[in-house]
Structures are given as structure tokens and as C-alpha cells.
Amino acid sequence: MPSTEVPGPPLDCQGDRFRLPPGEHYLNCAYQGPLPAVVEDAGVQAIARKRAPAGILPEDFFNDADEARARFARLVNAPRADQIAILPSVSYGVAIAALNLPLARGQNIVLTHEQFPGNVYGWRSLADRVGAEVRTVAPPGSGTEGRGAAWSARILDAIDQNTGVVTLGNVHWTDGTRFDLMAIGARAREVGAALVVDGTQSVGALPFDVQEVRPDALIVAAYKWLLGPYSLALGYFGPRFSDGVPLEEGWIARGGSEDFQGLVDYRDDYQPGSIRYDVGERSNFILLPMVNAALALIEAWRPSRIQDYCRRLLADAVPELADLGFGVPAGDLVAHHIVGLRMPDGLDLQRVQRTLTERRVFASLRGSALRVAPNVYNSADDVSALVSALRAAVG
206 MPSTEVPGPP
216 LDCQGDRFRL
226 PPGEHYLNCA
236 YQGPLPAVVE
246 DAGVQAIARK
256 RAPAGILPED
266 FFNDADEARA
276 RFARLVNAPR
286 ADQIAILPSV
296 SYGVAIAALN
306 LPLARGQNIV
316 LTHEQFPGNV
326 YGWRSLADRV
336 GAEVRTVAPP
346 GSGTEGRGAA
356 WSARILDAID
366 QNTGVVTLGN
376 VHWTDGTRFD
386 LMAIGARARE
396 VGAALVVDGT
406 QSVGALPFDV
416 QEVRPDALIV
426 AAYKWLLGPY
436 SLALGYFGPR
446 FSDGVPLEEG
456 WIARGGSEDF
466 QGLVDYRDDY
476 QPGSIRYDVG
486 ERSNFILLPM
496 VNAALALIEA
506 WRPSRIQDYC
516 RRLLADAVPE
526 LADLGFGVPA
536 GDLVAHHIVG
546 LRMPDGLDLQ
556 RVQRTLTERR
566 VFASLRGSAL
576 RVAPNVYNSA
586 DDVSALVSAL
596 RAAVG
């Protein structure tokens, strides 16, 4: 996996950079990331700009998009900014991948049990069309020790000479189980399969280097750990997709689209790289300034430092929660920004939810796990409120 070394001094709490309601303990970034103040302000300013559109010039259809590509490319260490496409959602990026990856009858697509549906339905549809198998890899049971390594080993076993696509998240969205993408990617390349990664629940809070992991595609929604707006995603598409077919034939993705006077001189060539995959009306004059402001913050904070902050934030709580009977993830493959707490035997989940709500502690119940997802706006007080609420729920 990419290096976990933390560059620069450790991060302090960044709560003053957000406008969260006082008294709320929001440990639920895996549900939606709150907008930092500068991102909110960028959106408000962008709305005001759209109010008087005479000031929106032809180059403005390109500049914000180019900035977003460059910032995201630096974040994931993509070789070139033109390998980044601007998308409306993960499912849109998955549809691009499914359209362009060859798959034949008798081949299989490997994915994980209870994978987020945005990275499932497109593959099921593709498999139905061509007569391929969707091969779902179950987790290794209810244990928390070494779960990531054991689940990764099962994925490796599921990949064979008939595998055409391997697709999963860097971490599992329900409980934060972290997968060994380096080993999984190497095995996929060994059999000639494509690796498609949904990075929505990791990129921004966990380092990801496309030149180390070598995915064929990496797709990330902006509204969670990128701390950006809803209805915008960013996608890296590697060399497999250099000459692919987009989902829609937008005018701005064609060569020479910068020349508005010449737009009726229709051209068959695309803009370079993955720009061909941009969604129509990608020059969103409100969302793009917001995502650029968010990416600038994450670039300054650095995902490795964010991950380290989350680790330090939860360090004292982990043994306390274990003493209360909660199963806490352990082992080498652990993410600290999403922690799935397994319930003690006999604990009423509705009682847990009710106690959390009463105490204004926000986390998500996903299956049999309580998904705790802190970020840099959280403080030790938030974690103390969580532990106190769970102690009360256990009784």
C-alpha cells in the first residue's frame, strides 16, 4: 500500500474551519462530509456570480475544470491531469468502465459482499448482457482481528484465469475493512483483469497513489471524504481507457471546443486523455469552485496527516470500547477514519440508536456494526460523548 509516513507536524483539530452546530457530535463523515467554511463560501460566491452571467467568459467553461483535474491528479499522484474526468457520480464512472472493458460469456467479475450498490448494478447489468458471472466474495466471519487480510485473501482466491474485472473499494463502506489493493491489483494484472476502485470512502482521508496501486480506474464521489458538494465525482482512467467511448457526446469534450465561434465546425477528435468522459455541462459554475476549495484544504492537510489525526483521536477510546464488549478492528489492514464497532451479544440496536440520538451523537448503524467515521473537525469531546453514550446503551 502507499506509504503511511506522516509528512510535516501532526494536525491539530480543525473544527474552527467548519460551521457545525454547537453541541452536536458528528462522527459520520462516511455518510456525508460537512462543508468547510471556505467551501460553503465558495458556493455562495459562485451562486452570486451566476446571478450576473455577463461576467462568465468562454475560458471560465474550462478553467475551474482544469483546476479540479490538476488538484485531484496531485492528490492521487496521477501522471497527468488529463487522465481525470469530471463526473456526476460513482455510478456514472462505473458505467463508463463497464462500457469500455471487454467481457465475454464465461468470464467473471469479482466484487465484495455488500459492496455499495453504485459499484454493483452496472456490473450486474454488464454480466447479464454478455453472459458473465458476478462473483461476490463474502467476509471471513464476524471476527475483527485480521479481518482485512483474511478478506483480501478470499478475494485473491476468487480471481482466476476467467476473471475480466475486479472491482471494490479501498475500504468497505459498512465497517471500514481495509483491503490489500497492492496484492489484489497484482493478481488482477497477472490474469489480465481490470482493477476498478471506488475510492469514495477513502480518498481524502487515506493516502492513495495510482502509480503504486495501479488501478485501471479510480472513481471518487466528492461529498464524503473530499468534503465537497453532492452531485460531483472525479475519476482517474488509466491507459486501458485512452481510446474509449464516452457515455455521452458532449460538445466540450471535443477537440477545439475552446473556440466558441467554431463550435459548428464539427470535429470527430476528443480533448486529450480522459476528458472525453466528462459529464455533459461539466462546467458547473457552482459545484466546481466548491470542490476546488475543498481539494485545496485536503492538499494542505494531507491525507496521511488526516489518517494520523483520526488514529490519535480514537486511540484512548478503543480499549474502553473493547472493555464494554464492542468488537474493534485490529491488524495491519485497518483504516482509522472508518471504524466498524461490532455489537456486544444481546445489545438492542434500537437502544443504541436511541441513546446516540438523545445525546446528539451522530454515527451510522450498518448491519450489525456501528460505523464511527471521524474527521479533522472532531475533538476529544466528540469521542468522549460517543463512549459515554455507548456505555449508557450497554447499561
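Numbering (the working numbering), first residue to last: 206 to 600. Each residue gets a CB set at the ideal place from its N, CA and C atoms; glycine is no exception.
In this structure, TRP328 and VAL370 form a Cβ contact; the two beta carbons are roughly 7 Å apart against a cut-off of 8 Å. Ranking ALA540, GLY536 and GLY530 by CA distance to the CA of ARG517 puts ALA540 first. In this structure, the alpha-carbon of PHE490 lies about 16 Å from that of ALA427. The Cβ-Cβ distance between LEU493 and LEU232 does not fall below 8 Å. Residue environment: PRO420 is assigned as buried (16 or more neighbouring CB atoms within 10 Å of its CB, all protein chains considered). Spanning the alpha carbons of LEU423 and ALA278 requires a straight line of approximately 11 Å. Relative to the Cα of PRO214, the nearest Cα in the group ARG510, ARG359 and TYR471 belongs to ARG510. Taking a cut-off of 8 Å for Cβ pairs, the region 548–557 and the region 398–418 do not touch, as fewer than three such pairs fall below it. If you look at VAL401, you'll find it in the beta strand (DSSP E) that goes 399–403.
Counting along the chain, the unbroken beta strand (DSSP E) around ASN313 starts and ends at 313–317. Beta-carbon to beta-carbon, VAL243 and ALA498 are separated by about 5 Å, close enough to satisfy the 8 Å threshold. In this structure the region 398–406 does not touch the region 470–486; the number of beta carbon pairs closer than 8 Å is below three.
DSSP lists PHE223 as the beta-bridge partner residues of PRO241. When the Cα atoms are used, PRO451 and GLN558 turn out to be separated by approximately 43 Å. In the DSSP assignment, PHE442 falls within the beta strand (DSSP E) that extends over 438–442. In the three-state reduction of the DSSP assignment, THR562 falls in the helix class. For ILE457, there is no enclosing alpha helix (DSSP H), since its DSSP letter is neither H nor E. Taking one beta carbon from each stretch, the region 347–364 and the region 375–390 have 3 or more pairs nearer than 8 Å; the two touch. Of all alpha-carbon atoms in LEU529, GLY467 and GLU463, the one lying nearest the alpha-carbon of VAL599 is that of LEU529.
One thing to note: ALA438 has its Cβ within 8 Å of the Cβ of GLY298. For ALA290, the beta-bridge partners assigned by DSSP are GLY440. By the beta-carbon neighbour count (other beta carbons within 10 angstroms, threshold 16), ILE261 is exposed. Looking at the DSSP output, ILE301 bridges to nothing. Around the Cβ of ILE252, a 10 Å sphere holds fewer than 16 other Cβ atoms; the residue is exposed.
In the structure shown, the three-state DSSP call for GLY323 is helix. Residue environment: GLY461 is assigned as exposed (fewer than 16 neighbouring CB atoms within 10 Å of its CB, all protein chains considered). In chain order, ASN313, VAL315, VAL396 and ALA398 place their CB closer than 6 Å to the CB of THR368, counting only its own chain and leaving out the 5 sequence neighbours on each side. Counting only unbroken stretches of 3 or more residues, the beta strand (DSSP E) elements lying wholly within the region 515–553 are 544–547, in sequence order. ASN233 is bridged by DSSP to ALA578.
Beta-bridge pairing by DSSP links ARG383 to VAL376.
Setting aside the 5 residues that flank it on each side, ALA283 is surrounded in the same chain by VAL415 and TYR441, each with a C-beta closer than 6 Å to its C-beta; the list follows chain order. Ranked by Cα distance from ARG459, the first of GLN237, ASP483 and PRO444 is ASP483. By the beta-carbon neighbour count (other beta carbons within 10 angstroms, threshold 16), ALA505 is exposed. Going by beta carbons, HIS542 and LEU411 fall inside the 8 Å limit. For the 8 Å CB-CB criterion, TRP430 and GLY238 form a contact. Secondary structure at TYR475: strand, using DSSP grouped into helix, strand and coil.
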